[in-house]
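Everything below concerns the one structure shown next.
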DNA sequence: CGACTGATTGAACCAGCTCAACTCATGTGG
DNA sequence: CCACATGAGTTGAGCTGGTTCAATCAGTCG
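Chains as they are written, first to last, in my numbering: chain B, 204 to 462; chain X, 204 to 462.
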């Protein structure tokens, strides 16, 4: 019982991957491990999954691994889009703000998610690291140039954009027409599913983002999120643990989320 | 004063364009006017704007003009996506529903808008004609085949999808964080802008959709929409007229919509 | 005309918000 | 090691923006 650090069984993997982690190799040109894309853990379910080995080499050359400590900004809403990113580790919040400070989080990007899919010349949303984040960064001009003449990659980007659009429409339904309880239930199930897709399926759902983040994602207040989680806990649907929840009855949650 | 029809100056153009309207020509193979895409009023600001004359000929061959009377369904949520559409006349509502009947309209498609942008194998939303609607319909397999080998068209589709995604994110901010008054103000300005883009800029903003549609788009009830419009009218910001509103103070509306 | 449909208005209600107190974990410096 | 500060989360109590329920009104159509 004299552990210096908590033995919390639920924190989401967030190694403070320092630049050029690789294996301590010193002449790491692009700040990546020695094998570049080859040992990328998210490649297969990210946009890069559409590429051949030779194309990956080329991609390696225009990419750069970059770390963003928790709470730092990757880019701001409305800024010129100088780069596009592929998240490889950690969680990023994407949001829009009103002049008076009201904020709407439009999505949480997980490993494998691509930022800047729309390929527009300005970022439509701001992006901030929730946890420590590791990304593959591409200068936008180089990336656009790379995409030109690779219709299968463009096609893949388009597929991802279509998927994003579909998620956005689901979120509109949630924001406009669901109750607080339904929103929270849907959020938890949705996160669980997404963790599952990146190989972390479990009834333990880490919530590395703050209550405020969750509230701003669901169009609620921090108090309502807290009360709703407490209510679900009282009903034995979930257990609230430090930095996350354990889902006791996904059936009941499904019912609440009412698809 | 004995006009049989109202002399309402505000109805949005919605000719009951019967199939093969053209100029009464009878051997109209694809149900279009004699000049096909050439005299298409929306081509330049739709996805087809990316195409050369020769490519348009080819597109003509795989397309079909189709009319949907008001209130008919173009396709249902979750159905196999057999076709994609380009709206050329009228307004379409795109929506998602919950099992208990709650509905969220995720967008109104105006002339020039493309339905099925995501190119997914199932429709993510349902589409219903608000007014009488005229579309250019493409069988999805033929369209996909057509797109293959036309990267500039795919690029254009992707641009449109990116724009859609951006609009969806704006709508999330609106749904999650704006008040009723801000929602209505933003809606009216937004519609005015969109009419403007298709050459119908005016302070007169037709509202061919019902109050229920507006409510389901803004995440409100029909009564709140009605009350908010009445309030704006009392404050001389708008005038409510049959089938639409006249904007008296776009400045004040801008202020309310608070970007 | 009467029936029907969509919109407006009124009045009571309530889900979620606001404001405020309290808890709990972490950190800091004396 | 403890006193104290800090920041995130929870809980309580009262309030309110928007909903709900119920008339009423205004066109439109047969």
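A virtual CB, placed ideally from N, CA and C, is assigned to each residue, including glycine.
Checklist entry - Between the C-alpha atoms of residue 276(B) and residue 308(B), what's the straight-line distance to the nearest angstrom? => result Near 14 Å, if we compare the C-alpha coordinates of residue 308(B) and residue 276(B).
Checklist entry - Hey, is residue 380(B)'s beta-carbon within less than 8 Å of any beta-carbon in chain X? => result Closer than 8 Å: yes.
Item to check | Buried versus exposed call for residue 413(B) [16 or more other C-beta atoms within 10 Å across all chains shown] | outcome: Residue environment analysis places residue 413(B) among the exposed positions, since fewer than 16 neighbouring C-beta atoms fall within 10 angstroms of its C-beta.
Checklist entry - What three-state label does DSSP hand residue 272(B) in the structure shown? => result In the structure shown, the three-state DSSP call for residue 272(B) is coil.
Checklist entry - Roughly how many angstroms separate the alpha carbons of residue 274(B) and residue 368(X), rounded to a whole number? => result Their Cα atoms are separated by approximately 25 Å.
Checklist entry - Sorry if obvious, but does the Cβ on residue 412(B) come closer than 7 Å to a heavy atom of the ligand HEM? => result With respect to small molecules bound, the structure shown includes none, and the ligand HEM cannot be examined in it.
Checklist entry - Should residue 367(B) be flagged as near chain X, meaning a C-beta pair shorter than 8 Å? => result Interface flag for residue 367(B) against chain X is set, since a Cβ pair is found closer than 8 Å.
Checklist entry - Between the C-alpha atoms of residue 424(X) and residue 415(X), what's the straight-line distance to the nearest angstrom? => result Each residue's Cα considered, the two are about 7 Å apart.
Next on the checklist: Which runs of the alpha helix (DSSP H) at least 4 residues long sit entirely within the stretch 282-350 of chain X? Give them in chain order.
Outcome noted: Annotation: the stretch 282-350 of chain X contains the following complete segments of the alpha helix (DSSP H) (minimum length 4 residues), in chain order: 343-350.
Checklist entry - If we call anything under 8 Å between Cβ atoms a contact, is residue 278(X) one with residue 329(X)? => result Judged by their CB atoms, residue 278(X) and residue 329(X) are nearer to each other than the 8 Å cut-off.
Next on the checklist: With three or more beta-carbon pairs closer than 8 Å as the criterion, would you say the stretch 293-302 of chain B touches the stretch 342-358 of chain B?
Outcome noted: Judged by Cβ distances under 8 Å, the stretch 293-302 of chain B makes no contact with the stretch 342-358 of chain B, as fewer than three pairs qualify.
Item to check | Endpoints, beta strand (DSSP E) assigned at residue 448(B) | outcome: Run containing residue 448(B): 447-450, per the beta strand (DSSP E) assignment.
Next on the checklist: Rounded to the nearest angstrom, what separates residue 243(X) and residue 315(B) at their Cα positions?
Outcome noted: Looking at the two C-alpha atoms, the distance is approximately 41 Å.
Next on the checklist: I'd like the list of long-range same chain contacts for residue 406(X), defined as Cβ closer than 8 Å, with 5 residues on each side in sequence excluded.
Outcome noted: Same-chain partners within the cutoff: 395, 449, 450, 451, 453.
Item to check | Where residue 405(X) sits in the DSSP three-state scheme | outcome: Of the three classes helix, strand and coil, the one that applies to residue 405(X) here is coil, per DSSP.
Checklist entry - Counting only beta-carbon atoms, is residue 276(X) nearer than 8 Å to chain B? => result False, the Cβ-Cβ gap to chain B never drops below 8 Å.
Item to check | Identity of the residues DSSP links to residue 267(B) by a beta bridge | outcome: DSSP output for residue 267(B) lists 340(B) as bridge partner(s).
Item to check | is_contact[residue 455(X), chain B] using C-beta, thresh 8 Å | outcome: False, the Cβ-Cβ gap to chain B never drops below 8 Å.
Item to check | Helix, strand or coil at residue 444(B) [DSSP, three-state] | outcome: In the three-state DSSP reduction, residue 444(B) falls in the strand class (E or B).
Checklist entry - Out of curiosity, what's the CA-to-CA distance linking residue 363(X) and residue 439(B)? => result About 45 Å.
Checklist entry - Bridge partners of residue 278(B), per DSSP? => result According to DSSP, residue 278(B) bridges with 330(B).
Checklist entry - How far does the alpha helix (DSSP H) with residue 437(B) in it reach, from first residue to last? => result For residue 437(B), the enclosing alpha helix (DSSP H) has its first and last residue at 425-437.
Checklist entry - Taking 8 Å as the CB-CB cut-off, is residue 327(B) touching chain X? => result Interface residue, yes.
Item to check | Proximal chain B residues relative to residue 372(X), where beta-carbon distance stays under 7 Å | outcome: At a beta-carbon threshold of 7 Å, the residues of chain B lying near residue 372(X) are 299, 309, 327, 328, 371, ordered along the chain.
Checklist entry - Buried or exposed: residue 232(B), going by 16 or more other Cβ atoms within 10 Å of its Cβ? => result Any answer about residue 232(B) is weak, because its pLDDT of 47 lies below 50 and its placement is not dependable; what the coordinates show is given next. Exposed.
Checklist entry - Three-state secondary structure (DSSP) at residue 375(B)? => result Residue state, collapsed to three classes: helix.
Checklist entry - At a Cβ threshold of 8 Å, is residue 376(B) touching chain X? => result By the rule that beta-carbons nearer than 8 Å mark a contact, residue 376(B) touches chain X.
Checklist entry - In terms of residue numbering, what span does the alpha helix (DSSP H) encompassing residue 418(X) cover? => result DSSP places residue 418(X) inside the alpha helix (DSSP H), whose first and last residues are 414-421.
Checklist entry - Around the C-beta of residue 348(B), are 16 or more other C-beta atoms found within 10 angstroms, so that it is buried, or is it exposed? => result Result: exposed.
Checklist entry - In chain order, what residues of the same chain have a beta carbon less than 8 Å from the beta carbon of residue 248(X), not counting five sequence neighbours either side? => result Contacts found: 315, 400, 401.
Checklist entry - Roughly how many angstroms lie between the CA atoms of residue 511(X) and residue 409(B), to the nearest whole one? => result Given that chain X is displayed from residue 204 to residue 462, the structure contains no residue 511(X) and the question cannot be resolved.
Checklist entry - Taking the Cβ atom as the reference point for each residue, do residue 435(X) and residue 428(X) lie within a distance shorter than 8 Å? => result Here residue 435(X) is not near residue 428(X), since their CB atoms are 8 Å or more apart.
Checklist entry - Whose C-alpha, out of 365(X), 391(X), 442(X), is nearest the C-alpha of residue 311(X)? => result Of 365(X), 391(X), 442(X), the residue nearest in Cα terms is 391(X).
Next on the checklist: What would DSSP say about residue 257(X), mapped onto helix, strand or coil?
Outcome noted: The answer is helix: DSSP assigns residue 257(X) an H, G or I state.
Checklist entry - Could you give the residue range of the alpha helix (DSSP H) that holds residue 459(B)? => result From DSSP, the alpha helix (DSSP H) with residue 459(B) extends over 453-460.
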